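**Student:**
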Amino acid sequence: MLLPAGIVIIAVTLFPILYSAVVSLNNVSLTVAGYKMSYIGLHNYDVLVHSGVFWHSVWFTVMYAVVTVIAELVLGMLIALAVNNVQRMKNISIVIMLIPWSLITVMSAQMWSYMYNGVYGVINYVFQGVHIITYPVTWLATPLSAIISMMVADIWKTTPFVVIILLAGLQMIPTEYYEAAHMDGAGAWKTFWNVTFPSLRGSIALAGLFRILQAFGVFDLPYVLTNGGPGDATQSLAILGQYVLFSELHFGIGAAIAVATVILVLGVSLVFLSAFRSIVEGEA
0 MLLPAGIVII AVTLFPILYS AVVSLNNVSL TVAGYKMSYI GLHNYDVLVH SGVFWHSVWF
60 TVMYAVVTVI AELVLGMLIA LAVNNVQRMK NISIVIMLIP WSLITVMSAQ MWSYMYNGVY
120 GVINYVFQGV HIITYPVTWL ATPLSAIISM MVADIWKTTP FVVIILLAGL QMIPTEYYEA
180 AHMDGAGAWK TFWNVTFPSL RGSIALAGLF RILQAFGVFD LPYVLTNGGP GDATQSLAIL
240 GQYVLFSELH FGIGAAIAVA TVILVLGVSL VFLSAFRSIV EGEA
């Protein structure tokens, strides 16, 4: 029964990864008949190791993933707790909250680009109206503001995903736990740390792992919002790989970037799960 699903997973996931690993060990040249590969070993990886552009993309991708995932987990927890305590119109609240997540990323990125525009953007209008800024700001024109702006757009879109996972976990916690905590005289904060948080460990780990995988593969949001700019300030590994593959036509180096990204994602995921397990065992 699982064989068809297994074949699909191998065809669309495992095979491209393995084939990319093979391509990364070769020099790929275009020919009239298609392309030709010649084995060059780890030369493409050596190029990456000595490339400042590659290491900048690694730094940006890791920093972007860490900041956005932590922010989404914290905000997702707060919103999930609030929605879980809603007594009336809870389903409507969930539907409204899911609107950002349901939007295609390209559409939401274009919407945010309009909002960040330095001439007619609504963010400048609102901030000037409440006297946060005194003159219009071109939010996507400088490296720091572009990075922060992109993170804000990502957190706005993907926090509902975290909320849904944590909300499902909250609804699975037996009410008897809260009744016992109340009888023992535990306040809201102690109840959260001793009842809610331990019961949500699995949900938090699942949400964090999914978001790490998505954050490291971010492409469409920076591609539409900043196109990796200004300069290469918001150039993720995915954007760098796309540029090397399809603009410079360095297929071997582009495949090496893809393989390096997979290795990096696996490493960060293992670190996240190990760190989370250590926190849980320490509290236990």
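Residue 142 in numbering that gives the first Met the number 0 sits at position 143 of the sequence shown, and the numbers go up by one each step.
Positions of the beta carbon are idealized from the N, C-alpha and C atoms, including for glycine.
Remember, it's a predicted structure, so these values are computed and weren't measured experimentally.
Looking at C-alpha atoms only, which residue of Ala185, Ile163 and Tyr177 is the closest neighbour of Met76?
**Tutor:** Ile163
**Student:** Who pairs with Leu29 in a beta bridge, going by DSSP?
**Tutor:** Tyr34
**Student:** I need the DSSP call for Ile172, collapsed to helix, strand or coil.
**Tutor:** coil
**Student:** Please list, in chain order, all residues of the same chain as Val129 whose beta carbon is under 6 Å from its beta carbon, the five residues on each side excluded.
**Tutor:** none
**Student:** Determine the closest residue to Ile154 out of Gln213, Ala232, Ala81 and Pro142, with distance taken between C-alpha atoms.
**Tutor:** Gln213
**Student:** In terms of residues, what are the limits of the alpha helix (DSSP H) holding Arg210?
**Tutor:** Annotation: the continuous alpha helix (DSSP H) that includes Arg210 extends over Arg200 to Phe215.
**Student:** Would you kindly check if the distance between the Cβ of Phe271 and the Cβ of Ile203 is under 7 Å?
**Tutor:** Result no, Cβ atoms of Ile203 and Phe271 do not sit closer than 7 Å.
**Student:** In chain order, what residues of the same chain lie with their CB nearer than 8 Å to the CB of Ser112, ignoring the 5 residues before and after it?
**Tutor:** Excluding residues up to 5 positions away in sequence, Leu139, Val223 and Leu224 lie with their Cβ nearer than 8 Å to the Cβ of Ser112 in the same chain.
**Student:** Return the CA-CA distance between Arg276 and Val85, expressed in angstroms with no decimal places.
**Tutor:** 31 Å
**Student:** Span of the alpha helix (DSSP H) holding Glu71?
**Tutor:** Gly51 to Asn83
**Student:** What residues in its chain sit with their C-beta under 7 Å from that of Leu220, if we drop five residues either side in the sequence?
**Tutor:** Within the same chain, and ignoring the five residues on either side of Leu220 in sequence, the residues whose Cβ sits closer than 7 Å to its Cβ are Thr104, Ala108, Met149, Ala152 and Asp153.
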